[in-house]
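Q: Take this structure, written in structure tokens, and hold onto it; I'll ask about it next.
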Amino acid sequence: MTFYSKIIGTGSYLPPRKVTNQELAEQLAAKGIETSDEWIVSRSGISARHYAEPNVMSSDMAVEAAKRALEAAGLQANDIDLIILATSTPDFFGGFPSTACVVQNKLGITNGAAAVDVQAVCSGFIYAMAMADSMIKSGSHKKALIIGAEVFSRILNFEDRTTCVLFGDGAGAIVMAQSDEPGVLATKLHADGSHGHILCVPGSVNAGVIAGSAFLYMDGQAVFKLAVNVLEKVANEALEIAGMDASQIDWLIPHQANIRIMQSTAKKLKLPLEKVVVTVDQHGNTSAASIPLALDAAVRDGRVKKGQIVMLEGVGGGFTWGAALVKM
């Protein structure tokens, strides 16, 4: 018997605290660091981002997004038999217990559902989707909760205007279920560790002391150049696997990192900008959370409809990249 996996619910969560470019520019100016709304928007398309309060962890936001996705799917938490959570900012230093296990506990899931974290930075959600798709198609699991959750504000250097203005906090989730009709049509994943140095948190721990920096570092030009190259290629690879072409895509939902990267990808795929879902202006780069945040926004405002073809894709530190072609 052939099994398919299908997205049956979406959800998202943004912390209440919204920080505009103007507010952030004023905070940086107090430190003698010059930036402006115009400077930030012109380089990234970002107008605002959300920051979590000090007592809020990735798992807390993940739980809120998961609850909304479960509600949309018409399921109870104990219906889930697999949780895959993508994050670069886990609840615990060292990454364990996994944030997925923390979320399982906070949701009250007591059925022994498998739970695991995935670390592929901004591509993490696509990696998690691909893993869940394979597990559901194999028959080993039937209902999966896929989450991207980040508190990137805690690994930003607010002395570096080139990076601290770009990132924000949030969480997004989907429920994927076994189906008798195709949903996830194709996935494709890649990585190239030789580019790891251009986007990283370069610190390491020895005897409880951090050696190097605990803050995010990014070579913006190198990341931009690599991203615009690989995103078009991986999208076309996914289309080829599915036996489709770009003209059949109803919506492109890329990782929300930089408006210029998204526009360049759409242009290379010969897609009009009207088919690109853009949320980066309102929540900045939320890493693994950005794709499910954008998907949920487009589902809930009625743009993405049942039966439509959606291309999800992301690129992130590692260097990692991937795409998922989905029939909603």
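Position 171, counted from 1, in the sequence shown is what full-length UniProt numbering calls 171; the numbers after and before it change by one each time, with no gaps. Just so you know, even glycine gets a beta-carbon here, dropped at the ideal spot from N, CA and C.
#1: Mind checking which residues open and close the beta strand (DSSP E) that includes residue 351?
#2: So, is VAL205 buried or exposed, given that buried needs 16 or more other C-beta atoms within 10 angstroms?
#3: Taking a contact to mean a Cβ-Cβ separation below 8 Å, would you say GLY322 touches ALA173 in this structure?
#4: Taking just the CA atoms, how far does GLU23 sit from ALA120?
#5: Would DSSP call GLN76 helix, strand or coil?
#6: Tell me whether GLU232 is buried or exposed, calling it buried when 16 or more other Cβ atoms sit within 10 Å of its Cβ.
#7: Run the CB neighbour count on SER247, radius 10 Å, all protein chains shown included, and call it buried at 16 or more, exposed below.
#8: Kindly indicate which three-state DSSP category LYS143 falls into: helix, strand or coil?
#9: Nearest to ASN105 by alpha carbon, out of ALA66, SER123, CYS122, THR2?
#10: Ordered along the chain, which non-local residues of its own chain (more than five positions away) have a Cβ less than 8 Å from that of LYS31?
#11: Just confirm the distance between the C-beta atoms of ILE253 and VAL310, as a whole number of angstroms; I'd bet it's less than 8 Å.
#12: Taking 8 Å as the cut-off, decide whether the C-beta atoms of ALA324 and VAL209 are in contact.
#13: On the DSSP bridge list, what partners appear for residue 331?
A: The short version:
#1: Here the chain covers residues 1 to 328 and nothing more, so residue 351 does not appear.
#2: exposed
#3: no
#4: 31 Å
#5: coil
#6: buried
#7: exposed
#8: strand
#9: ALA66
#10: PHE158, GLU159
#11: 6 Å
#12: no
#13: For the chain, the structure presents residues 1 to 328; residue 331 sits outside this window and is missing.
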